[in-house]
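Encoded as structure tokens, the structure appears first; notes follow it.
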Amino acid sequence: MDEEINLKRCPSCGVPKKISSLIRWNSNGTITQVFNPDFRVVVLPAGFIREIFDSISNQLGVSIDHVVTEAQKNASRAVFDTIFDRIPGVRYALKLDFMKRLQVKSFHQVAVLTGHCHSETVEYIPRVRAIGRVKNPFDLDLVGANVAGAFEALEQVPYSFQWEKESENTYLIHIEATGGANELSERLRIEIPPVKPGTFEHEKCPRCRVPRLIGNFVWDEREGTIRGKRFGSRVVLLDGYMLTAVFRELKKELGEDAEEIITGAQREWMLSHYGELGLARNLRMLKGRELEDALRDSLKTLPALGHGNPTSVRIIDDELEIHIHNPYEIHILGGTASALYESAFGKSCKVKIEEKSPSIVRYRIVPV
Ligand SMILES: [Zn+2]
4 MDEEINLKRC PSCGVPKKIS SLIRWNSNGT ITQVFNPDFR VVVLPAGFIR
54 EIFDSISNQL GVSIDHVVTE AQKNASRAVF DTIFDRIPGV RYALKLDFMK
104 RLQVKSFHQV AVLTGHCHSE TVEYIPRVRA IGRVKNPFDL DLVGANVAGA
154 FEALEQVPYS FQWEKESENT YLIHIEATGG ANELSERLRI EIPPVKPGTF
204 EHEKCPRCRV PRLIGNFVWD EREGTIRGKR FGSRVVLLDG YMLTAVFREL
254 KKELGEDAEE IITGAQREWM LSHYGELGLA RNLRMLKGRE LEDALRDSLK
304 TLPALGHGNP TSVRIIDDEL EIHIHNPYEI HILGGTASAL YESAFGKSCK
354 VKIEEKSPSI VRYRIVPV
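For this note's numbering, count along the sequence shown from 1 and bump the result up by 3.
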């Protein structure tokens, strides 16, 4: 059995010190890994991805779970591949079994720091199979994909995973080296678009320099969860690329319809989770300049979560125009923008997405 993980915390804001040493909040709306500065991280509500993809699957009448799982496995593999390749000597060291075992231990730390689950090794035979005990996985498919992807990076061979329920909220994950890549995985390769510098000023903790907003979350290393202090809602830290890879594949299959379906799913999700997102204030009471300021305020949470940098918000008659630099996913943010529109104007709307460059998007939300 592995020893317990005990996180040391910032005495001022309570955020684990490992978080401030491993990831960085930038002034351009992104969060990136310190050892891997091209790689973005986003903070997302734990149930969000499942609900969005279930909603899309329902509309399509077919499940897209296998697409999501493959994309997440790729994203996880890419995260660890770049770390192992970037730090000199790591690849060489990881040829040794005892170094692999140490690395597997650090996967358990990552699971706790990202709020994905609490995990421990039950059995590990390098390049063959591993069994782990997993408590509170935020999503079985996505956690399974992350674990398999991490082992793929470690061992450089493809892995598959299977779950076995042990008791309430506790599972055994069995992962096995499968040999042979698959074609779907190839199509779902993640892409890392360039980012634009910015001047967004976070209100930060004076000691650890993590944004104040992040201090509203509580890491529980025994449970493997991160929860908001106010509503107890669970969040996770995730790579910022999996959603884009899945949506790229959907757009190839469905063309423009995909855009409508994805932004629609996000709009519905936002409107039904307004309370827990802290956006419950009644925008509809406001007009003109006051409304513009309130919308700008609502969007100020995006950079702390790594979702992008909202650089301008304008109301022109009954249209809303928002510019976002470095959006982590253009359709999801389009859905967010249209949900804000609906709550502010009380009208149904359509969102027009214009990509001015890979890192600048203009949203025009117009009534229909
Ligand atoms: Zn702090």
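Even glycine gets a Cβ: it sits at the ideal position worked out from N, Cα and C. Values in this document were obtained by computation on a predicted structure and should not be read as measured data.
(message) Please list the terminal residues of the continuous beta strand (DSSP E) segment that includes S170.
(response) 162 to 170
(request) Tell me where the alpha helix (DSSP H) around R225 begins and ends. (result) No alpha helix (DSSP H) contains R225, which DSSP labels as neither H nor E.
(request) Starting from the N-terminal side, write out each stretch of the alpha helix (DSSP H) that is 4 residues or longer and does not extend beyond the region 35 to 67. (result) 51 to 63
(message) Once DSSP output is grouped into helix, strand and coil, what is the label at T314?
(response) strand
(request) Could you give the DSSP three-state label for P140: helix, strand or coil? (result) coil
(request) Return the first residue and the last residue of the alpha helix (DSSP H) that V93 is part of. (result) 93 to 96
(request) Using 6 Å as the cut-off, classify the Cβ of V46 as near or not near the heavy atoms of ligand 1, replying yes or no. (result) no
(request) Look at the alpha carbon of S79 and the alpha carbon of G291, and state the distance between them as a whole number of angstroms. (result) 44 Å
(request) Could you tell me the boundaries of the beta strand (DSSP E) in which V369 lies? (result) 363 to 370
(request) Indicate, with yes or no, if ligand 1 has a heavy atom lying under 6 Å from the CB of S15. (result) yes
(request) Could you tell me whether the Cβ of R80 comes closer than 7 Å to any Cβ of chain C? (result) Here there is only one protein chain, and chain C is not present.
(message) Between the alpha carbons of F203 and F38, how many angstroms are there, rounded?
(response) 22 Å
(request) Using the Cα positions of G183 and P161, report the straight-line distance between them to the nearest angstrom. (result) 7 Å
(request) List the whole-angstrom C-beta distance separating F87 from A156, where the pair is believed to meet the contact cut-off of C-beta under 8 Å. (result) 6 Å
(request) Go through its chain and collect everything with a Cβ distance to Y127's Cβ below 7 Å, but skip five positions before and after it. (result) Cβ within range, chain order: R104, V107, A133.
(message) Between which two residues does the beta strand (DSSP E) holding S360 run?
(response) 352 to 360
(request) Identify, in the order they occur along the chain, each residue of the same chain with its Cβ nearer than 7 Å to the Cβ of A347, setting aside the five sequence neighbours on each side. (result) L286, R287, L294, L298
(message) Quick check on DSSP: helix, strand or coil for S15?
(response) coil
(request) Output the distance between the C-alpha atoms of A3 and V137, rounded to the nearest integer angstrom. (result) Absent from the model: residue 3. The displayed extent of the chain is 4 to 371, so no value can be given.
(request) Can you say whether P306 is buried or exposed, counting buried as having 16 or more other CB atoms within 10 angstroms of its CB? (result) buried
(request) Take the Cβ of E73 as the centre, count every other Cβ of all protein chains shown within 10 Å, and call the residue buried at 16 or more, exposed below. (result) buried
(request) Check each candidate in T247, S188, L308 and name the one with the smallest Cα separation from I333. (result) Cα-wise, what sits closest to I333 is T247.
(request) Just mark H328 as buried or exposed, buried being the case when its beta carbon has 16 or more other beta carbons within 10 Å. (result) buried
(request) Kindly confirm or deny that the region 222 to 230 and the region 112 to 126 touch, where touching means at least three C-beta pairs closer than 8 Å. (result) yes
(message) Does the structure place the region 57 to 76 close enough to the region 17 to 31 that three or more beta carbon pairs sit under 8 Å?
(response) At 8 Å Cβ cutoff, the stretches do not touch.
(request) Tell me whether E458 is buried or exposed, calling it buried when 16 or more other Cβ atoms sit within 10 Å of its Cβ. (result) Past the edges of the chain, shown from 4 to 371, lies residue 458, and the structure says nothing about it.
(message) What does DSSP give as the partner residue(s) for K207 in the beta ladder?
(response) P214
(request) Within the same chain, show all residues whose beta-carbon is closer than 7 Å to that of A283, passing over the 5 residues directly before and after it, in chain order. (result) Per-residue confidence for A283 stands at a pLDDT of 48, beneath the threshold of 50, marking its modelled position as unreliable; no derived number is given.
(request) Kindly indicate which three-state DSSP category A283 falls into: helix, strand or coil? (result) Low confidence applies here, because A283 scores a pLDDT of 48, under 50, leaving its location unreliable; read the following figure in that light. A283: coil per DSSP, three-state reduction.
(request) Taking all protein chains shown into account, decide if Q75 is buried (16 or more other Cβ within 10 angstroms of its Cβ) or exposed. (result) buried
(message) Checking 7 Å against the spacing of the C-beta atoms, do R365 and K359 come in under that value?
(response) In this structure, K359 lies closer than 7 Å to R365 by Cβ.
(request) Classify S122 as helix, strand or coil using the three-state DSSP reduction. (result) S122: strand per DSSP, three-state reduction.
(request) Report the three-state DSSP secondary structure of V238 (helix, strand or coil). (result) strand
(request) May I ask whether a heavy atom of ligand 1 can be found less than 6 Å away from the beta carbon of C352? (result) no
(message) According to DSSP, simplified to helix, strand and coil, what is L257?
(response) The DSSP-derived three-state label of L257 is helix.
(message) Quick check: V213 and V18, are their CB atoms within less than 7 Å of each other?
(response) yes
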